[in-house]
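Below is one structure, written out as structure tokens; comments come after it.
Number of protein chains: 6
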Amino acid sequence: MATVPLITDDAASAEVLAVFDDIRATRGSDFINNFWRALAVDSALLKATWERLKVVMGPGDLDPLVKEMLYMAVSITNGCDYCIHSHTAAARAKGMTDTQYGELMAVIGMAAQTNQLVTAMKVPVDEVFLVQSDKT
Amino acid sequence: MATVPLITDDAASAEVLAVFDDIRATRGSDFINNFWRALAVDSALLKATWERLKVVMGPGDLDPLVKEMLYMAVSITNGCDYCIHSHTAAARAKGMTDTQYGELMAVIGMAAQTNQLVTAMKVPVDEVFLVQSDKT
Amino acid sequence: MATVPLITDDAASAEVLAVFDDIRATRGSDFINNFWRALAVDSALLKATWERLKVVMGPGDLDPLVKEMLYMAVSITNGCDYCIHSHTAAARAKGMTDTQYGELMAVIGMAAQTNQLVTAMKVPVDEVFLVQSDKT
Amino acid sequence: MATVPLITDDAASAEVLAVFDDIRATRGSDFINNFWRALAVDSALLKATWERLKVVMGPGDLDPLVKEMLYMAVSITNGCDYCIHSHTAAARAKGMTDTQYGELMAVIGMAAQTNQLVTAMKVPVDEVFLVQSDKT
Amino acid sequence: MATVPLITDDAASAEVLAVFDDIRATRGSDFINNFWRALAVDSALLKATWERLKVVMGPGDLDPLVKEMLYMAVSITNGCDYCIHSHTAAARAKGMTDTQYGELMAVIGMAAQTNQLVTAMKVPVDEVFLVQSDKT
Amino acid sequence: MATVPLITDDAASAEVLAVFDDIRATRGSDFINNFWRALAVDSALLKATWERLKVVMGPGDLDPLVKEMLYMAVSITNGCDYCIHSHTAAARAKGMTDTQYGELMAVIGMAAQTNQLVTAMKVPVDEVFLVQSDKT
Numbered sequence: 002m003a004t005v006p007l008i009t010d011d012a013a014s015a016e017v018l019a020v021f022d023d024i025r026a027t028r029g030s031d032f033i034n035n036f037w038r039a040l041a042v043d044s045a046l047l048k049a050t051w052e053r054l055k056v057v058m059g060p061g062d063l064d065p066l067v068k069e070m071l072y073m074a075v076s077i078t079n080g081c082d083y084c085i086h087s088h089t090a091a092a093r094a095k096g097m098t099d100t101q102y103g104e105l106m107a108v109i110g111m112a113a114q115t116n117q118l119v120t121a122m123k124v125p126v127d128e129v130f131l132v133q134s135d136k137t
Numbered sequence: 002m003a004t005v006p007l008i009t010d011d012a013a014s015a016e017v018l019a020v021f022d023d024i025r026a027t028r029g030s031d032f033i034n035n036f037w038r039a040l041a042v043d044s045a046l047l048k049a050t051w052e053r054l055k056v057v058m059g060p061g062d063l064d065p066l067v068k069e070m071l072y073m074a075v076s077i078t079n080g081c082d083y084c085i086h087s088h089t090a091a092a093r094a095k096g097m098t099d100t101q102y103g104e105l106m107a108v109i110g111m112a113a114q115t116n117q118l119v120t121a122m123k124v125p126v127d128e129v130f131l132v133q134s135d136k137t
Numbered sequence: 002m003a004t005v006p007l008i009t010d011d012a013a014s015a016e017v018l019a020v021f022d023d024i025r026a027t028r029g030s031d032f033i034n035n036f037w038r039a040l041a042v043d044s045a046l047l048k049a050t051w052e053r054l055k056v057v058m059g060p061g062d063l064d065p066l067v068k069e070m071l072y073m074a075v076s077i078t079n080g081c082d083y084c085i086h087s088h089t090a091a092a093r094a095k096g097m098t099d100t101q102y103g104e105l106m107a108v109i110g111m112a113a114q115t116n117q118l119v120t121a122m123k124v125p126v127d128e129v130f131l132v133q134s135d136k137t
Numbered sequence: 002m003a004t005v006p007l008i009t010d011d012a013a014s015a016e017v018l019a020v021f022d023d024i025r026a027t028r029g030s031d032f033i034n035n036f037w038r039a040l041a042v043d044s045a046l047l048k049a050t051w052e053r054l055k056v057v058m059g060p061g062d063l064d065p066l067v068k069e070m071l072y073m074a075v076s077i078t079n080g081c082d083y084c085i086h087s088h089t090a091a092a093r094a095k096g097m098t099d100t101q102y103g104e105l106m107a108v109i110g111m112a113a114q115t116n117q118l119v120t121a122m123k124v125p126v127d128e129v130f131l132v133q134s135d136k137t
Numbered sequence: 002m003a004t005v006p007l008i009t010d011d012a013a014s015a016e017v018l019a020v021f022d023d024i025r026a027t028r029g030s031d032f033i034n035n036f037w038r039a040l041a042v043d044s045a046l047l048k049a050t051w052e053r054l055k056v057v058m059g060p061g062d063l064d065p066l067v068k069e070m071l072y073m074a075v076s077i078t079n080g081c082d083y084c085i086h087s088h089t090a091a092a093r094a095k096g097m098t099d100t101q102y103g104e105l106m107a108v109i110g111m112a113a114q115t116n117q118l119v120t121a122m123k124v125p126v127d128e129v130f131l132v133q134s135d136k137t
Numbered sequence: 002m003a004t005v006p007l008i009t010d011d012a013a014s015a016e017v018l019a020v021f022d023d024i025r026a027t028r029g030s031d032f033i034n035n036f037w038r039a040l041a042v043d044s045a046l047l048k049a050t051w052e053r054l055k056v057v058m059g060p061g062d063l064d065p066l067v068k069e070m071l072y073m074a075v076s077i078t079n080g081c082d083y084c085i086h087s088h089t090a091a092a093r094a095k096g097m098t099d100t101q102y103g104e105l106m107a108v109i110g111m112a113a114q115t116n117q118l119v120t121a122m123k124v125p126v127d128e129v130f131l132v133q134s135d136k137t
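Chains as they are written, first to last, in this note's numbering: chain A, 2 to 137; chain B, 2 to 137; chain C, 2 to 137; chain D, 2 to 137; chain E, 2 to 137; chain F, 2 to 137.
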């Protein structure tokens with residue numbers, strides 16, 4: 002079904018294998034999911050994407066679970082099926098409870114609805130929001 | 002610029018004023034932002050939207066700031082200008098730091114990029130993600 | 002394939018069953034489609050969504066078939082596969098003819114095309130449209 | 002603000018003027034809105050778009066106001082500001098009442114919300130919807 | 002799975018067959034892909050779409066492969082699965098190399114990411130870009 | 002209007018200035034456009050985005066103008082106003098003619114329309130497209 006071949010370890014070049022090794026070491030797991038096997042059709046794209054993702058999703062001021070839920074929110078809004086599956090699974094693995102999942106659904110459903118209404122009505126931005134943002 | 006009139010307090014019906022009053026009481030502020038003044042062209046829609054939003058964005062298992070950042074993530078992905086301004090301002094008012102803002106940007110930028118790549122390559126969902134989600 | 006379990010009647014809580022009962026009574030059919038069984042993972046979200054949908058899609062000034070076709074137009078533009086299937090089926094059940102379906106396709110295809118061109122060219126809004134809308 | 006010049010009648014080629022003339026004759030108005038003046042940078046694209054639009058939005062089995070509201074629904078979902086302004090104005094000119102506008106808002110807001118939820122939960126299509134559609 | 006029947010040659014009307022014949026003659030192949038068989042439920046829509054597509058994707062100043070890659074870029078951004086499959090196959094048939102495919106992926110991934118960041122930050126357009134575009 | 006401050010050279014940290022210097026050296030111009038001044042609120046995000054963009058849009062097998070037009074196609078489909086302005090200006094600076102612009106518009110308009118129709122009709126992917134892609 003993919004529009005590209007999924008590169009197995011046996012078919013991988015040295016550059017690809019080096020990225021696979023780093024994914025395995027970083028995650029402490031032998032498993033390489035299909036996204037990386039697909040991206041491996043272009044080793045430079047694979048390397049650049051993985052190295053950036055590792056930093057972005059790594060330790061920071063935002064909680065790892067919060068980052069996963071933000072990733073879910075974008076992926077759901079973009080309608081990316083694979084991403085929805087993989088990041089929902091990842092969020093659960095990081096401790097997302099059923100209640101948190103329900104609240105996440107409620108927030109993104111509400112946002113989608115009010116986004117649509119605001120866009121339809123071309124609501125002008127309140128002065129106070131501009132002021133609040135400009136003082137950063 | 003709006004495609005509807007923005008209803009002032011003076012022009013508001015009793016039903017609309019009752020919602021405005023509840024917004025003021027809930028938020029502890031006299032200010033009514035333009036979204037609600039625009040929605041007021043249909044008092045039933047105004048009431049239903051506000052009452053649901055009050056619950057969804059109210060106390061729960063997810064932190065109020067996390068909810069705002071999720072709202073931002075969806076609004077940015079949908080390209081809703083007003084919503085981006087209002088929810089960015091709201092997140093800052095709830096304590097979002099510059100570092101957290103930078104991390105939020107990094108996550109949503111990364112998600113947008115990988116969503117696009119996954120969609121392009123039609124990556125098949127790994128069995129393990131399905132299993133992980135189905136055991137909920 | 003779903004990222005949540007589909008709640009059967011047997012697995013449903015009292016709150017969920019009450020909503021299922023109202024869906025059955027409102028529609029005059031014993032059938033509960035999968036959307037509601039999925040939403041049932043969060044009974045509050047299920048109840049809020051159903052009660053609002055019942056009002057929105059209920060009797061009003063717009064014809065029920067027109068409402069279904071509007072729902073189709075949004076769902077198609079958002080690329081929501083399940084929604085496209087369910088609302089296309091619903092529109093046919095409400096009497097949409099093949100000719101009407103063809104015209105609907107033609108309008109949404111045309112709109113998608115001109116939306117894209119307008120966005121590309123950043124066409125400024127004509128004064129007359131603003132005036133026409135502001136006199137509401 | 003536009004990324005292309007808006008072609009005035011004086012600057013228009015014979016091919017462009019012929020389309021402008023047909024727009025004026027078809028609409029019974031001397032006014033040419035900016036979309037057509039922008040598209041006029043490519044006379045072949047202008048002609049093809051206008052001739053198709055004239056047919057698509059012309060007489061048929063769907064009511065002209067319904068066609069405008071469907072155009073609005075797609076334009077709002079795509080976030081095309083110019084299109085939202087022009088088609089909202091057109092719908093009002095064709096008789097859309099405030100109540101109908103409010104119902105339209107309610108339907109597209111509801112659809113955006115349920116689209117998002119369905120996409121998040123990857124709800125599998127019910128057999129009955131497939132059957133219903135396949136018997137066409 | 003389709004929401005419409007796929008019209009076979011045997012079930013096709015004379016108008017539909019005439020379009021199918023032209024597709025075959027233009028492409029020098031007997032094969033009619035499913036998009037046209039689905040569109041055939043409305044012969045006027047089929048004819049208008051095919052005749053326009055033939056011109057748009059026909060000879061011009063842009064290379065045929067470049068046109069296919071542009072079509073891919075839009076289809077991927079819109080998340081249209083069928084279109085991604087058909088236009089990726091078409092681009093390969095027109096000579097797209099693996100390296101070019103990798104670069105295409107890199108560009109659209111980058112664009113998706115910066116689009117998201119720009120939208121989030123509401124970056125004002127630089128004067129110089131307006132000037133550059135207005136001098137066309 | 003921006004939701005973040007635009008960092009001037011005077012307000013920039015050493016890390017930010019180093020990126021600004023590289024942008025200037027790479028482009029052979031003293032001008033820094035607003036996107037980079039906005040991104041500079043997070044120096045790590047600025048650096049990562051610029052360094053990746055420099056590679057992606059740098060020399061390769063795809064012509065620089067083709068890359069710009071692909072960037073335009075994605076930006077237009079995502080409705081990113083700033084990006085549409087900046088990349089349209091960039092494509093013109095790289096030699097895009099008015100005829101090429103017209104053809105680009107025609108292709109993206111056509112793609113948007115057929116994407117919408119395919120999505121509406123849930124057209125199943127032809128076997129031959131899968132085969133063609135799998136042999137890569």
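Where is the CB? At the ideal position from N, CA and C, for every residue including glycine.
Closer than 8 Å, CB to CB, is C/Pro110 near chain A or not? Locating residue 110 of chain C in the third sequence gives position 109, where the first residue counts as 1. Here the sequence assigns Gly to residue 110 of chain C, which means Pro is not the residue at that position. No, its Cβ sits nowhere closer than 8 Å to a Cβ of chain A.
When you compare the CB of A/Met70 with every CB in chain C, is at least one pair closer than 8 Å? As a working note, residue 70 of chain A is residue 69 in the first sequence. Chain C, which has no Cβ nearer than 8 Å to the Cβ of A/Met70, makes this no.
At a CB-CB cut-off below 7 Å, which residues of chain A make contact with B/Glu104? Numbered from 1 along the second sequence, position 103 holds the residue referred to as residue 104 of chain B. Ordered by position in chain A, the residues that pass the 7 Å Cβ test against B/Glu104 are Gly61, Asp62 and Leu63.
Straight-line gap, E/Thr50 to C/Thr78 (C-alpha atoms, nearest Å): Taking the first residue of the fifth sequence as position 1, residue 50 of chain E is located at position 49. Taking the first residue of the third sequence as position 1, residue 78 of chain C is located at position 77. Approximately 18 Å between the Cα atoms of the pair.
For A/Ser87, which of helix, strand or coil comes out of DSSP? Working through the first sequence from its first residue, we reach residue 87 of chain A at position 86. Note: A/Ser87 maps to helix in three-state DSSP.
For chain B, find out if any of its Cβ atoms is closer than 8 Å to the Cβ of C/Ala49; answer yes or no. Position 48 of the third sequence, counted from the first residue, corresponds to residue 49 of chain C. Interface residue, yes.
Span separating the alpha-carbon of F/Ala19 from that of E/Asp82: On the sixth sequence, residue 19 of chain F is found 18 positions in, with the first residue counted as 1. On the fifth sequence, residue 82 of chain E is found 81 positions in, with the first residue counted as 1. Approximately 42 Å between the Cα atoms of the pair.
Using the beta-carbon count (16 or more within 10 Å), is D/Glu16 buried or exposed? The residue labelled residue 16 of chain D in the question sits at position 15 within the fourth sequence. Per the 10 Å Cβ criterion, exposed.
Exposure label - A/Arg25; buried when at least 16 CB within 10 Å: For the purposes of this step, residue 25 of chain A is taken as residue 24 along the first sequence, with counting starting at 1. By the neighbour-count rule (16 or more Cβ atoms within 10 Å), A/Arg25 is not buried but exposed.
Quick check: is the beta carbon of C/Gly96 nearer than 8 Å to any beta carbon in chain E? The residue labelled residue 96 of chain C in the question sits at position 95 within the third sequence. Answer no: the Cβ-Cβ gap between C/Gly96 and chain E never drops below 8 Å.
Check whether the segment 59 to 74 of chain C and the segment 96 to 109 of chain D are in contact - that is, three or more C-beta pairs closer than 8 Å. yes
What did DSSP end up calling F/Leu63 once you bin it into helix, strand or coil? Numbered from its first residue, the sixth sequence carries residue 63 of chain F at position 62. Here F/Leu63 sits in coil by DSSP.
Report the residue from B/Leu131, B/Asp23 and B/Met111 whose alpha carbon sits nearest the alpha carbon of A/Val75. On the first sequence, residue 75 of chain A is found 74 positions in, with the first residue counted as 1. Ranking B/Leu131, B/Asp23 and B/Met111 by Cα distance to A/Val75 puts B/Met111 first.
So, does the segment 124 to 132 of chain D touch the segment 88 to 98 of chain D, judging by three or more C-beta pairs under 8 Å? no
If I'm right that A/Leu7 touches A/Ala45 with Cβ under 8 Å, what's the distance once you round it to whole angstroms? In the first sequence, residue 7 of chain A corresponds to position 6, counting from 1. In the first sequence, residue 45 of chain A corresponds to position 44, counting from 1. About 18 Å separates the two Cβ atoms, so there is no contact after all.
Can you give the Cα-Cα distance for A/Lys55 and A/Asn34, rounded to whole angstroms? Position 54 of the first sequence, counted from the first residue, corresponds to residue 55 of chain A. Position 33 of the first sequence, counted from the first residue, corresponds to residue 34 of chain A. About 15 Å.
Contact defined as beta carbons within less than 8 Å: I believe C/Val108 pairs with D/Tyr72. What is the distance between those atoms, to the nearest angstrom? In the third sequence, counting from the first residue as 1, residue 108 of chain C sits at position 107. In the fourth sequence, counting from the first residue as 1, residue 72 of chain D sits at position 71. At roughly 6 Å, the Cβ-Cβ gap stays under 8 Å, so C/Val108 and D/Tyr72 are in contact.
Under three-state DSSP, which class holds D/Gly80? Along the fourth sequence, one-based indexing puts residue 80 of chain D at 79. Looking at D/Gly80 - three-state DSSP - the assignment turns out to be coil, as it is neither helix nor strand.
Which residues in the same chain have their Cβ closer than 6 Å to the Cβ of A/Ala91, if we skip the five residues on either side of it in sequence? For the purposes of this step, residue 91 of chain A is identified with residue 90 of the first sequence, where counting begins at 1. The answer, listed in chain order, is Glu69.
Helix, strand or coil: which one does DSSP assign to A/Val29? Counting from one through the first sequence, the residue named residue 29 of chain A turns up at place 28. This sequence places Gly at residue 29 of chain A; Val is not what is there. If DSSP states are grouped into helix, strand and coil, A/Gly29 belongs with coil.
Can you confirm whether B/Thr115, when its beta carbon is compared against all beta carbons of chain D, has any partner nearer than 8 Å? By 1-based counting over the second sequence, the position of residue 115 of chain B is 114. False, the Cβ-Cβ gap to chain D never drops below 8 Å.
Do you know offhand how far A/Leu63's Cα is from D/Cys84's? Residue numbering aside, residue 63 of chain A sits at position 62 when the first sequence is read from its first letter. Residue numbering aside, residue 84 of chain D sits at position 83 when the fourth sequence is read from its first letter. Those two C-alpha atoms are separated by around 39 Å.
Helix, strand or coil, according to DSSP, for C/Thr50 in the structure here? Translated into the one-based positions of the third sequence, residue 50 of chain C becomes position 49. The answer is helix: DSSP assigns C/Thr50 an H, G or I state.
Nearest-angstrom beta carbon gap, C/Ala113 and F/Gln117 [assumed within contact, 8 Å]: Locating residue 117 of chain F in the sixth sequence gives position 116, where the first residue counts as 1. Locating residue 113 of chain C in the third sequence gives position 112, where the first residue counts as 1. F/Gln117 to C/Ala113, Cβ: 4 Å. Contact.
Using 8 Å as the limit for Cβ to Cβ distance, is F/Leu66 near chain B? Counting from one through the sixth sequence, the residue named residue 66 of chain F turns up at place 65. Closer than 8 Å: no.
In three-state DSSP terms, what is F/Ser14? For this step, residue 14 of chain F is matched to residue 13 along the sixth sequence. Here F/Ser14 sits in coil by DSSP.
Using DSSP with H/G/I as helix, E/B as strand and the rest coil, what is B/Lys95? Looking up residue 95 of chain B in the second sequence gives position 94. If DSSP states are grouped into helix, strand and coil, B/Lys95 belongs with coil.
Quick check: what's the CA-CA separation for F/Thr137 versus E/Arg93? Locating residue 137 of chain F in the sixth sequence gives position 136, where the first residue counts as 1. Locating residue 93 of chain E in the fifth sequence gives position 92, where the first residue counts as 1. Because the pLDDT at F/Thr137 is just 39, under 50, the model does not fix this residue reliably, and the value given afterwards should be weighed accordingly. Answer to the nearest angstrom: the Cα atoms are 9 Å apart.
Does any C-beta atom of chain C lie closer than 8 Å to the C-beta of D/Ser30? Counting from one through the fourth sequence, the residue named residue 30 of chain D turns up at place 29. With 8 Å as the cut-off, D/Ser30 does not count as an interface residue toward chain C.
Local Cβ density within 10 Å of E/Val43, reported as buried at 16 or more and exposed below that: Working through the fifth sequence from its first residue, we reach residue 43 of chain E at position 42. Reading the sequence as shown, one finds Asp at residue 43 of chain E and not Val. It counts as buried.
Just the C-alpha distance for D/Phe21 and D/Trp37, rounded to the nearest angstrom, thanks. By 1-based counting over the fourth sequence, the position of residue 21 of chain D is 20. By 1-based counting over the fourth sequence, the position of residue 37 of chain D is 36. Cα to Cα, the separation comes out at about 8 Å.
Between the CA atoms of E/Gly59 and D/Ala41 - distance to the nearest angstrom: Taking the first residue of the fourth sequence as 1, we reach residue 41 of chain D at position 40. Taking the first residue of the fifth sequence as 1, we reach residue 59 of chain E at position 58. Rounded to the nearest angstrom, the two C-alpha atoms are 21 Å apart.
Min CB distance B/Asp82 to chain E below 8 Å: The sequence position of residue 82 of chain B within the second sequence is 81, counting from 1. Chain E contact via Cβ: present.
Return the Cβ separation of E/Val126 and F/His86 in integer angstroms, given the expectation that the two are a contact with Cβ distance under 8 Å. Numbered from 1 along the fifth sequence, position 125 holds the residue referred to as residue 126 of chain E. Numbered from 1 along the sixth sequence, position 85 holds the residue referred to as residue 86 of chain F. Contact holds; Cβ gap of about 5 Å.
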